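Below you'll find the structure, written out as structure tokens, and then a few comments.
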Amino acid sequence: MTVEFRALHKSFGATKALDGLDLTAHQGELLALLGPSGCGKTTALRMLAGFEKPDSGQVLVDGEDISDVPAHRRDAGMVFQAYSLFPHLTAADNVAFGLRMRKVGAAERRSRAAELLELVGLPQHADRYPHQMSGGQQQRVALARALALRPKVLLLDEPLSALDAKVRVQLREEIRRLQQELAITTVFVTHDQEEALSTADRVAVMRDGRLEQCAGPAELYDTPSTPFVAEFVGTMNRLPGRASGDGSVEVLGQRLPVRGDAGTAGAVDVLVRPEAVDATADEDGSARVTATAFHGAVTRLTVALADGTTVKADIPSHRASGLAAGASATVTLPERPVLVEARAA
Amino acid sequence: MARLTNRRGIRWWRGAVAAVAGLYFLVPLACSVLFTVDVPGQGFTLSAYTGILGASGFTGSLLLTLELAAATIVLVLGLLVPALLAARLGAPRLRPLLEVVCSLPLVVPSVALVAGYSGVLRWGPQYLSRTPLFQTFVAVQNADFPVVLVLAYTVMSLPLAYRALDAGMRAVDVRTLMEAARSCGASPVRAVFQAVLPNLRGALMNAGFLTLALVLGEYTVGALLGFRPFAVWIVGIGGSQAQLSVAVSVLSLLLTWALLLVFAAAGRPRTRIPRRALAKAAPALVPQESAS
Ligand SMILES: Nc1ncnc2c1ncn2[C@@H]1O[C@H](COP(=O)(O)OP(=O)(O)O)[C@@H](O)[C@H]1O
Ligand SMILES: [Mg+2]
């Protein structure tokens, strides 16, 4: 099932939650909605679920406008950010709740609930009440409940944000596995870029109620189309440079081509990832290593440039031996196009 | 070690407070009971109690009060539950207004309330004698089931019921429960009845409980409007005899307790909650393991 947001606008009083959102989720894909808190991710998802009406714009499912379909008739399963299991029902009854609403017989309800609990790895927890389960288990049951009616689209609103790191990683892998197994179109809201990059087919980065960029994880990381995306996804260095306005920029004594908006001239920030920055030990170098952190194959150096700018550089650990804290170094960039942003005055 | 002594200290205090509170309640009660059964010159006798039970009007007034209580509970919950849910789900800005309205009866003394009611009841029939509303006024004051008392009690119990329900709704995430149910295919009405209300069971019981207690003990409105619910009857019967009047209050106290216990028992969840869960929810109900 294809889901399409078209020019969605929504305001809550003076707050613009959505400001012209355009976005499409294709059949069977896991689309992550990524963005800082308050950028309108939940609002977009709730419009798809039918809990919020757009001020203007449309939500299309397989090409049809579903604005007038009430929430309980939309074919969407949802997992909420807050724990949302019905406290008065056992895990099995929670999962079977939707089936009961659809008047499915008791025997079939029970077998389907057992099947779904099996699917999320909790077959032995059928008779537990929500308060007898951990947060991770509760969200698994919530996932089973959302899948019980075989919805055409699965909506996940930061389902992992209340869980601790280890469970979070485990569960997101499981969500991904289930999603691919069932080939169900899924919209996954998160503010965690790592979560989005590691699970999604495509990631839509939102900012202030609009779409900033929507692309596959690798493309988003390697060629972010805006400085906002570049900084939000992964770690980014900002180096002072001077753009000439003809599509090149001078930075660290090198002249590099500008990617994207080539017209910028004057003082700019040049955005480069730590792994693209190279540092070599150099007695006469003007930069100085201030800290090192060992990450296995790579070591992350924090380097202070002559003008005081701090740069992070990831270099292979076997080359980091001469670059202890306090060492002098030279910092260089590869001959590749770079993203620039005009400096705020 | 420090924690252990600390805990013991707390226990000791708990015991002391419980003892003082217990004495404060039980001593007067025990004295009252003693006074009613130990009549000077006759020795031990239960005549005061048998006198009450045998007096005419006992069953009638008690039944009337229970009926009034039932009607009041239905009306209060019927008014408040939809209003509170609507305010919570649809219009959060109306909540303060609702709170103020529901608290108003606290500042209006019941005597003033009654003065208002009797004014209207007197005025109404005069001006409306030729309209169908006249019959309404008559029906409202029917001594067999004075609807006007239900209305008055409803107003008087609003503050209590409001607080009980509001506390219950604070404890559960009504909005998320509602939306979770909707996304499982429940219409709004079914979502309320099958996902929200079952989780407000305790709050609903509390609200009913407080309303029942209020109606059982209400004297002013009933007496001043000239009806004979239980509290009014009890005062009337006990007025003449010292022993009897004290026996009457002891008896009404016990009766209230008995009814409230019945209510509490009825309100217990039907599903068997495992011991572990019970211990978590209400530590006081399960014997604690000794301090470890
Ligand atoms: N029901 C609401 N009433 C008022 N403001 C709201 C409501 N829902 C969301 N907002 C506001 O809209 C903006 C976007 O919210 P939301 O979609 O929840 O963001 P996100 O999920 O990306 O953190 C926020 O500024 C939030 O405060
Ligand atoms: Mg959100």
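Top to bottom, those sequences are chains A and B. 2 is the number of the first residue of the first sequence in the numbering used here; add one for each residue after it. 14 is the number of the first residue of the second sequence in the numbering used here; add one for each residue after it. Glycine included, C-beta positions come from ideal geometry on N, C-alpha and C. These figures come from a predicted structure and were not determined experimentally.
Per DSSP, V205/B lies in no alpha helix (DSSP H) and is assigned neither H nor E. Exclusion of E196/A from the 7 Å shell around ligand 2 follows from its C-beta lying no nearer than that to any non-hydrogen atom of the ligand. By a beta-carbon distance limit of 8 Å, S249/A contacts L257/A. Their separation comes to about 7 Å.
Looking at D202/A, V332/A, I316/A, the one whose alpha-carbon comes closest to that of A26/A is D202/A. Neighbours of G21/A across chain B, judged by C-beta separation under 9 Å, do not exist; the nearest C-beta is about 25 Å away. With a 10 Å radius around the Cβ and a threshold of 16 neighbouring Cβ atoms, P145/B comes out exposed. Distance from the Cα of F243/B is smallest, within the candidate group Q256/B, Q254/B, L227/B, for L227/B.
Taking 8 Å as the cut-off, the Cβ atoms of F150/B and L141/B count as close. Nearest to A99/B by C-alpha distance, out of V275/B, V209/B, T233/B, V133/B, is V209/B. Around the beta carbon of E196/A, 16 or more other beta carbons lie within 10 angstroms, which makes this residue buried. Beta-bridge pairing by DSSP links T333/A to D279/A.
For L81/B, the closest of G235/B, L268/B, A278/B by C-alpha to C-alpha distance is G235/B. Against chain A, a Cβ distance below 9 Å from P211/B picks out F87, P88, H89, L90. Taking a cut-off of 8 Å for Cβ pairs, the region 88 to 104 of chain A and the region 136 to 148 of chain A touch, as three or more such pairs fall below it. Note that the region 214 to 230 of chain A does not touch the region 297 to 315 of chain A; fewer than 3 beta-carbon pairs, one per stretch, sit closer than 8 Å. When C-alpha distances from E232/A are compared across S199/A, V271/A, D20/A, A127/A, the shortest belongs to V271/A. The Cβ of F295/A sits no closer than 8 Å to any Cβ of chain B. Around the C-beta of R27/B, fewer than 16 other C-beta atoms lie within 10 Å, and the residue is accordingly described as exposed.
Taking 8 Å as the cut-off, the Cβ atoms of V230/A and V273/A do not count as close. Across the region 103 to 120 of chain B, no CB contact with chain A closer than 8 Å is found for any residue. According to DSSP, I316/A shares a beta bridge with T300/A. Per DSSP, the unbroken beta strand (DSSP E) holding V4/A starts and ends at 4 to 13. In chain order, the residues positioned with their C-beta nearer than 5 Å to some heavy atom of ligand 1 are F13/A, T16/A, A18/A, S38/A, G39/A, C40/A, G41/A, K42/A, T43/A, T44/A.
With contact defined as three or more Cβ pairs closer than 8 Å, the region 208 to 222 of chain B and the region 116 to 132 of chain B are not in contact. Judged by beta-carbon spacing, L257/B lies within the 8 Å limit of G251/B, meaning their Cβ atoms are closer than that value. When C-beta atoms of the region 181 to 188 of chain A are compared with those of the region 151 to 159 of chain A, three or more pairs fall below 8 Å, so the two segments count as touching. With respect to chain A, the C-beta atom of A180/B has no partner C-beta closer than 8 Å. The region 157 to 170 of chain A makes no contact with the region 112 to 131 of chain A; the number of CB pairs closer than 8 Å stays below 3. Taken in chain order, the whole alpha helix (DSSP H) runs of length 4 or more contained in the region 212 to 248 of chain A are 218 to 223, 228 to 233. Look at L150/A: its C-beta is under 8 Å from a C-beta on chain B. Look at M134/A: its C-beta is not under 8 Å from any C-beta on chain B. Within its own chain, the residues whose Cβ lies closer than 7 Å to the Cβ of L190/B, once the five positions on either side in sequence are excluded, are A208, V209, N212, listed in chain order. Under the three-pair Cβ rule at 8 Å, the region 20 to 34 of chain A does not count as touching the region 75 to 87 of chain A.
Taking the beta carbon of G198/B as reference, the chain A residues within 7 Å of it are H73, G99, M102, R103, L150, listed in sequence order. Proximity of the beta carbon of Q140/A to ligand 2 is not indicated: no heavy atom of the ligand is located closer than 7 Å. Rounded to the nearest whole angstrom, the C-alpha separation of G14/A and D23/A is 22 Å.
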